[in-house]
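J.:
Numbering (the working numbering), first residue to last: 1 to 323.
1) Counting C-beta neighbours from all protein chains within 10 Å, is the total for residue 142 16 or more, i.e. buried, or is it exposed?
2) Might you give, ordered along the chain, the residues of its own chain that have their beta carbon closer than 6 Å to the beta carbon of residue 40, omitting 5 neighbours on each side?
3) Give a yes or no on contact between the segment 228-238 and the segment 54-65, applying the rule of three or more CB pairs nearer than 8 Å.
4) Quick one: is residue 221 buried, meaning 16 or more other Cβ sit within 10 Å of its Cβ, or exposed?
5) Comparing alpha-carbon positions, which option in 271, 267 and 196 lies nearest residue 138?
6) For residue 166 versus residue 134, is the C-beta spacing smaller than 8 Å?
7) Residue 77 lies in the beta strand (DSSP E); which residues open and close that run?
8) In whole angstroms, give me the CA-to-CA distance for residue 313 and residue 247.
9) Just list the residues that DSSP pairs residue 130 with in beta bridges.
10) Under 7 Å Cβ to Cβ from residue 150, same chain only, skipping five residues before and after it: list those, please.
11) For residue 209, which of 319, 81, 89 and 76 has the nearest alpha-carbon?
12) Identify, in the order they occur along the chain, each residue of the same chain with its Cβ nearer than 6 Å to the Cβ of residue 77, setting aside the five sequence neighbours on each side.
13) Can you tell me whether DSSP reads residue 274 as helix, strand or coil?
14) Only counting the same chain, and skipping five residues up and downstream in sequence, which positions put a Cβ closer than 6 Å to that of residue 108?
15) According to DSSP, simplified to helix, strand and coil, what is residue 237?
16) Given residue 213, which residues of its chain have a CB within under 6 Å of its CB, disregarding the five upstream and five downstream residues?
17) Taking residue 207 as the reference, which of 92, 71, 70 and 121 has the closest Cα?
18) How many Å lie between residue 194 and residue 147 at the Cα?
19) Which of the three DSSP states, helix, strand or coil, is assigned to residue 313?
20) On the three-state DSSP scale, how would you describe residue 207?
21) Assign residue 199 to one of three DSSP states: helix, strand, or coil.
22) Rounded to whole angstroms, what is the Cα-Cα separation between residue 315 and residue 290?
23) If I measure Cβ to Cβ from residue 59 and keep anything under 6 Å in the same chain, skipping five residues before and after, which residues do I get?
24) Output yes or no for whether 8 Å exceeds the beta carbon distance between residue 307 and residue 275.
25) Are there 16 or more other CB atoms within 10 angstroms of the CB of residue 205, so buried, or fewer, so exposed?
26) Go to residue 157, then tell me how far its beta strand (DSSP E) extends in each direction, as first and last residue.
27) How many angstroms separate the CA atom of residue 171 from the CA atom of residue 144?
28) Considering residue 116, what are the terminal residues of the alpha helix (DSSP H) in which it resides?
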């Protein structure tokens, strides 16, 4: 704490506890002089100037910096399966055709009286006669390819139409040579068979389908910039401080022209309001020069570096009192 602050603090304390007597320092007490003006003894504070100064906090130095490597993410596309051609065998399409084949023509059957055993021996002459049971036909069938060599037997089979000759059967006919006996007639219906054959509508085919290639994209992290080190010059760091430089000595008393007591008291209420507005005075502005008002004025004078202890002209001017 400098001398000015110490002395002003002591002055405020002395006024607060009534340690100053009227003879030592008449605080806020003006005396009339022979010229009709009022004078009073004031404490003159020292005058200081604020000096700005740069103080070195950290000196300049060289720092070694290590820069980490940098990486990039790239996308790579690769083929899982290439383009392929798929072959599909479409089987042949056939139509079913049903045909009725006459196995035996209708005929008339005559019933006669049975011959005796003697007649059976002497009255009949036997001979063999062939007859057609199945007419010639043309139908589809499997045939073995000529000169075919294969591991599987079915690989040598070929389905194609072919001509089938008629079928014949033989029977023994007995011709009666003796007198014909009277007989009764009977019609025998023809015998038929339903044959099923297959007609080719479309032959077998091979269907070709193109299967596109399948690709997949993956991400990889690759080094784009390697780790490096470098030197960085760090400038010095300064801090701004402010110092008080003594311009004019103070801490002494001096008799100065002041406002006379009655005139000062007439403006006391306005002075109190200004001090209260600036935070120096607590309580009401009642126009009474009591201990709290004196302390508030002295604190104001101390902060503004004004002569302390009286109603001097400079103090009233700064408080906004126009005389």
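Every residue gets a Cβ at the ideal spot worked out from N, C-alpha and C, and that includes glycine.
T.: Judging by the given coordinates:
1) exposed
2) 30, 258 and 310
3) yes
4) exposed
5) 196
6) yes
7) 70-81
8) 22 Å
9) 170
10) 156
11) 89
12) 215 and 217
13) helix
14) 185 and 187
15) strand
16) 79, 82 and 83
17) 92
18) 35 Å
19) helix
20) strand
21) strand
22) 18 Å
23) 236
24) no
25) exposed
26) 157-164
27) 35 Å
28) Looking at the DSSP string, residue 116 is not in any alpha helix (DSSP H), and its letter there is neither H nor E.
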